[in-house]
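Colleague: Letter 136 of the sequence shown, counting from 1, is numbered 136 in the numbering used here, and no numbers are missing. Glycine is no exception: its CB is placed at the ideal position from the N, C-alpha and C atoms.
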Amino acid sequence: MSLAVRQASHPEAARHYDTAALRAHFLVETLFRPDAVELTYSHVDRIVVGGAMPVAGPLALETHKALGQATFLARRELGVCNVGGRGRVVCDGEAFDLAPRDMLYVAMGTGDVRFESADAAEPAKFYLFSTPAHARHRTVLVREADANALELGGQEQANTRTLRQYIIPGRVESCQLVMGLTTLKPGNVWNTMPSHVHDRRCEAYLYFGLGTDARVVHLMGEPEETRHLVVANEQAIISPPWSIHSGCGTSAYSFIWAMGGDNQDFTDMDMVPMGVLR
Numbered sequence: 001m002s003l004a005v006r007q008a009s010h011p012e013a014a015r016h017y018d019t020a021a022l023r024a025h026f027l028v029e030t031l032f033r034p035d036a037v038e039l040t041y042s043h044v045d046r047i048v049v050g051g052a053m054p055v056a057g058p059l060a061l062e063t064h065k066a067l068g069q070a071t072f073l074a075r076r077e078l079g080v081c082n083v084g085g086r087g088r089v090v091c092d093g094e095a096f097d098l099a100p101r102d103m104l105y106v107a108m109g110t111g112d113v114r115f116e117s118a119d120a121a122e123p124a125k126f127y128l129f130s131t132p133a134h135a136r137h138r139t140v141l142v143r144e145a146d147a148n149a150l151e152l153g154g155q156e157q158a159n160t161r162t163l164r165q166y167i168i169p170g171r172v173e174s175c176q177l178v179m180g181l182t183t184l185k186p187g188n189v190w191n192t193m194p195s196h197v198h199d200r201r202c203e204a205y206l207y208f209g210l211g212t213d214a215r216v217v218h219l220m221g222e223p224e225e226t227r228h229l230v231v232a233n234e235q236a237i238i239s240p241p242w243s244i245h246s247g248c249g250t251s252a253y254s255f256i257w258a259m260g261g262d263n264q265d266f267t268d269m270d271m272v273p274m275g276v277l278r
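1. Spatial neighbours of D102 within its chain, please: CB distance less than 8 Å, with the 5 preceding and 5 following residues excluded, ordered by chain position.
2. In terms of residues, what are the limits of the alpha helix (DSSP H) holding A24?
3. Please classify P123: is it buried, with 16 or more other beta-carbons within 10 angstroms of its beta-carbon, or exposed?
4. If we call anything under 7 Å between Cβ atoms a contact, is Y166 one with Y207?
5. Go through the segment 148 to 215 residue by residue and report every complete run of the beta strand (DSSP E) that reaches 3 residues or more, in order.
6. Give the secondary structure of D45 by DSSP, where H, G and I count as helix, E and B as strand, and everything else as coil.
7. Mapping the DSSP letters down to three states, classify A52 as helix, strand or coil.
8. Counting pairs of Cβ atoms below 8 Å between the segment 229 to 249 and the segment 161 to 175, do you hit three or more?
9. According to DSSP, what are the bridge partners of D265?
10. Whose C-alpha, out of A13, G275, R6, A60, is nearest the C-alpha of V49?
11. DSSP three-state call for D270: helix, strand or coil?
12. For the beta strand (DSSP E) that contains A95, what are its first and last residues?
13. Considering only C-alpha positions, which residue in the set G275, T182, R278, V230 is nearest to A20?
14. Are E116 and R86 closer than 7 Å when you measure CB to CB?
15. For Q235, which option in T250, A204, N263 has the closest C-alpha, if you only look at C-alpha atoms?
16. Quick check: the segment 181 to 191 against the segment 249 to 264, are at least 3 beta-carbon pairs closer than 8 Å?
17. Applying the 10 Å Cβ sphere with the 16-neighbour rule, what's the burial state of P240?
18. Tell me the rounded alpha-carbon separation between A258 and M108.
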C-alpha cells in the first residue's frame with residue numbers, strides 16, 4: 001500500500017499556480033494499479049482518496065503513520081464504490097459482494113478490511129473515500145438500484161443527468177461522509193453548472209466512464225479566479241471548500257462525488273451567479 005500526503009492550499013496561493021502545480025495539489029492521477037492500494041491523504045478536511053484493484057489475490061486496507069492509529073478505521077469511516085468488475089469487500093469477516101456501481105459504507109472501528117475480485121480477468125476497482133469519524137455507525141451496502149435517484153438538467157443545456165444519492169442522512173447514517181454517483185446521459189457534457197461552493201465541507205470527484213481519448217475539463221478555483229484541469233478516465237479531483245467544482249467533457253461520463261466537513265445537508269451550497277465567474 002502507498003499513501004501520499006498533500007498539504008492544504010490557501011486560495012491566494014492557488015491563484016499563482018501553474019499547470020504543474022495545480023495538478024500536483026488537486027489532481028490524483030493514479031488510483032487503480034493492479035494488486036495495489038493507492039491512497040492520497042489530504043489536509044483538506046483530512047480526507048483520504050484512493051483506489052484498490054485486487055487481481056492475483058485479496059488486498060488489505062492497512063494503516064499509515066500519517067493516520068496516527070493502529071488501524072486505518074480506528075478513528076475514520078469509509079465509503080467504497082466499485083467501478084470495475086464484480087468484487088467483494090470483507091469487513092471483520094463479514095463479506096459484502098459489490099456489483100459495478102454498488103457502494104458500501106464501512107463503519108469506524110472496523111479492524112480488518114480486505115478487497116477481492118470475483119474474476120481476475122475483469123478485476124474490481126474499488127474507489128475509496130474516507131473522512132475522520134467520532135462515532136461508530138452500521139456498515140451498510142447500498143445497491144445502485146436502491147440509491148435515491150434524481151433526474152436533473154435539460155438537453156438544451158447539455159446537462160441531462162441522473163444523480164444517485166447513496167450515503168446521505170436518512171438513508172445511511174454516518175458521522176460526516178456524504179457520497180453518491182452522477183451519470184450524464186448520451187449527448188450531455190456539463191456537470192454542476194451553474195456552479196457553487198460550500199465553505200462548510202470539501203468535495204472529491206472521481207471521473208470515470210470516459211474513453212481513452214476523452215477528457216473532462218474540470219473548472220476549479222474561486223469564482224472570480226477560476227482555473228482548469230484536464231482530467232482523464234479514473235482520475236480524481238480534490239476540491240477545497242473555497243473552490244467551484246464544475247466540468248465539461250468531450251463526451252458523456254460519470255463521476256462519484258464525496259464530501260466531508262461540518263455539514264451533511266446535501267442542499268447546503270452557495271450558488272454562484274454566471275455573471276460572477278471569471
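Modeller: Reading it off the structure:
1. Setting aside the 5 residues that flank it on each side, D102 is surrounded in the same chain by C81, N82, L141, V142, R143, E144, each with a C-beta closer than 8 Å to its C-beta; the list follows chain order.
2. Here the alpha helix (DSSP H) through A24 covers 19 to 26.
3. P123 counts as buried, since at least 16 other C-beta atoms from the protein chains shown sit within 10 angstroms of its C-beta.
4. Between Y166 and Y207, the gap from beta carbon to beta carbon reaches 7 Å or more.
5. Scanning the segment 148 to 215 for uninterrupted beta strand (DSSP E) segments of 3 residues or longer gives 148 to 152, 161 to 167, 178 to 184, 201 to 208, listed from N- to C-terminal end.
6. Coil at D45, not helix or strand.
7. The answer is strand: DSSP assigns A52 an E or B state.
8. The segment 229 to 249 is not in contact with the segment 161 to 175.
9. Looking at the DSSP output, D265 bridges to nothing.
10. Considering only alpha carbons, the answer is R6.
11. D270: strand per DSSP, three-state reduction.
12. 94 to 98 is the extent of the beta strand (DSSP E) around A95.
13. Measuring from the Cα of A20, the nearest candidate turns out to be V230.
14. In this structure, R86 does not lie closer than 7 Å to E116 by Cβ.
15. Residue A204 is the option with its Cα nearest to Q235.
16. Contact between the segment 249 to 264 and the segment 181 to 191 is present, because at least three Cβ pairs lie under 8 Å.
17. The C-beta of P240 has 16 or more other C-beta atoms within 10 Å across all chains shown, which makes the residue buried.
18. The straight-line gap from Cα to Cα measures roughly 17 Å.
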